[in-house]
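Engineer:
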Amino acid sequence: MGINAIYGAGSFGKIFYDSLHQDVDFFIDDYSKAKNYQNKPIKKLKDIDKNTTIYISVLQHSKSIEKQLRENGFGNIINFTESIKTIPNILDKIAKENYLWLVSDKPKMINDVKLSKVTELLTDKKSKNVLENIINLRKTLNVKYYIDPSDTEYFPEDVPILNNLEAINFIDCGAYIGDTIEELLKQSSKVNSTISFEPDNKNIKILTKTLSILKEKFHKTDFIVYPTGVYSKNDILKFSNNGIDSSASLDKASTLSVPVVSLDTAILNSNPNFIKMDIEGAEKEALLGATETIKKYKPNLAICLYHKPEDLWELPLLINEIEPSYDMYIRVHEDLYLSTVLYCISRDRVCTN
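Under my numbering, think of the first position of the sequence shown as 946, with each following residue one higher.
1. Taking the Cβ atom as the reference point for each residue, do residue 1224 and residue 1175 lie within a distance shorter than 9 Å?
2. Comparing C-alpha positions only, which one of 1167, 949, 1004, 1019 sits nearest to residue 987?
3. Ends of the beta strand (DSSP E) at residue 1171?
4. Tell me whether residue 1281 is buried or exposed, calling it buried when 16 or more other Cβ atoms sit within 10 Å of its Cβ.
5. Between which two residues does the alpha helix (DSSP H) carrying residue 1040 extend?
6. Decide if residue 1058 is buried, meaning its Cβ has at least 16 other Cβ atoms within 10 Å, or exposed.
7. What do you get for residue 1120, buried or exposed, if any count of 16 or more other CB atoms within 10 angstroms of its CB means buried?
8. Would you say residue 1144 and residue 1180 are within 9 Å of each other, going by their C-beta atoms?
9. On the three-state DSSP scale, how would you describe residue 1097?
10. Which partner residues of residue 1247 appear in the DSSP bridge assignment?
11. Give me the residue from 1132, 1213, 1220, 1024 with the minimum Cα distance to residue 1264.
12. Terminal residues of the continuous alpha helix (DSSP H) containing residue 1139?
13. Closest to residue 1039 by CA distance: which of 1146, 1123, 1278, 963 is it?
14. Closer than 8 Å is the cut-off here; do at least three beta carbon pairs connect the segment 973-988 with the segment 949-961?
15. May I have the straight-line CA-CA distance separating residue 1090 from residue 1010, to the nearest angstrom?
16. Would the beta-carbon of residue 1127 fall within 9 Å of that of residue 1286?
17. Any idea what DSSP makes of residue 1283, helix, strand or coil?
18. Between which residues of its own chain and residue 1067 is the CB-CB distance below 6 Å, once the five residues before and five after are set aside?
19. State the CB to CB distance for the pair residue 989 and residue 969, rounded to an integer number of angstroms; the pair is presumed to be in contact (CB under 8 Å).
20. With C-beta atoms as the reference, is residue 1142 less than 9 Å away from residue 1156?
21. Just confirm the distance between the C-beta atoms of residue 1207 and residue 1243, as a whole number of angstroms; I'd bet it's less than 8 Å.
22. Of the residues 1086, 1032, 1033, which one's Cα is nearest the Cα of residue 1054?
23. Tell whether a beta-carbon distance below 9 Å holds between residue 1075 and residue 1275.
24. Please identify the residue among 947, 991, 1093, 960 whose C-alpha is closest to the C-alpha of residue 983.
25. With burial defined as no fewer than 16 other Cβ atoms inside 10 Å of the residue's Cβ, what is the status of residue 1252: buried or exposed?
26. So what does DSSP say about residue 1192, is it helix, strand or coil?
Have a look at this one:
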């Protein structure tokens, strides 16, 4: 029997170990301060034999990690997608941790009546199939319904998200370090302006640097940054962020204060025609705070549906209630249904350029 290792000694690495257990010889983690877990050593990548079979437990950027490992001479790699499909009962174990949409209380993940209405709103057969698989996986936690991630996030080839736009006025809610804006400028040369909302100070520093570099190349594009979150109203909110769940929740006792604004007050006169939201579970409140903007300009939307179980039906139905002229699509761009994105393209958007 060969040598087996888990890449990543974080929360998912420990869940992987609980399932694989006796088949694991050690962990690989260049950043862990711990020396071992459950009497299994945590080693650095440089010390690992190239014949080791490696299970990648790092959820985000799993494919890039796999690529890096192969470039470093490792050939026996089981990436995150393959691990989920092969490790017994792994979804049940993740559900016990209440990770984003995947929770132990199955009824919280399903609302058949409302999901049926969402299905009726979807434009293409692929979106309906994607939603059907999501529903079936939530009901059964059977990996046969697991969707392999595909396409470029926010710009899938088979969704015409930019086709009805001339000069693009992009609103990036949850701008992170500017990666979506960089991709947008690769996808289109007709970007008139970008307005970024990002409350995290560390991210803002990198975001500002990224946009400064982009400005040197794209002289005619205006780049604006709001150091705030996005919500239903202008306020200062307190959030908590616990465990492996990366979605934030309101917590009056928290010491983490975040300034937030509504899009209706911040950008109503900015002629937006493309809005993206990936804001840690605050998407519903942010959409409520963008009601007048959506009604007035009918911008294309790319809205994340995975932070909370109910987002899968609440957000599409809310958008349809605000503005019923949208064609809707759903695509999955990352493992474990992270970056499940709702794309909304108005059939009669007012041209604002």
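Positions of the beta carbon are idealized from the N, C-alpha and C atoms, including for glycine.
Nothing here was measured: the structure is a model prediction, and the numbers come from that model.
Structural biologist: Quick answer:
1. yes
2. 949
3. 1167-1171
4. buried
5. 1035-1041
6. exposed
7. Buried, because 16 or more other Cβ atoms sit within 10 Å of the Cβ of residue 1120.
8. no
9. coil
10. 1221, 1288
11. 1220
12. Taken as a continuous stretch (DSSP letters only), residue 1139 belongs to no alpha helix (DSSP H), being part of the beta strand (DSSP E) at 1136-1142.
13. 963
14. yes
15. 24 Å
16. no
17. coil
18. 1073, 1273
19. The pair is not a contact, with the Cβ atoms about 17 Å apart (cut-off 8 Å).
20. no
21. So it is not a contact: roughly 18 Å between Cβ atoms.
22. 1086
23. yes
24. 960
25. buried
26. Only weak support is given to the placement of residue 1192: the predicted model assigns it a pLDDT of 49, under 50, and the value that follows is read from those uncertain coordinates. Of the three classes helix, strand and coil, the one that applies to residue 1192 here is coil, per DSSP.
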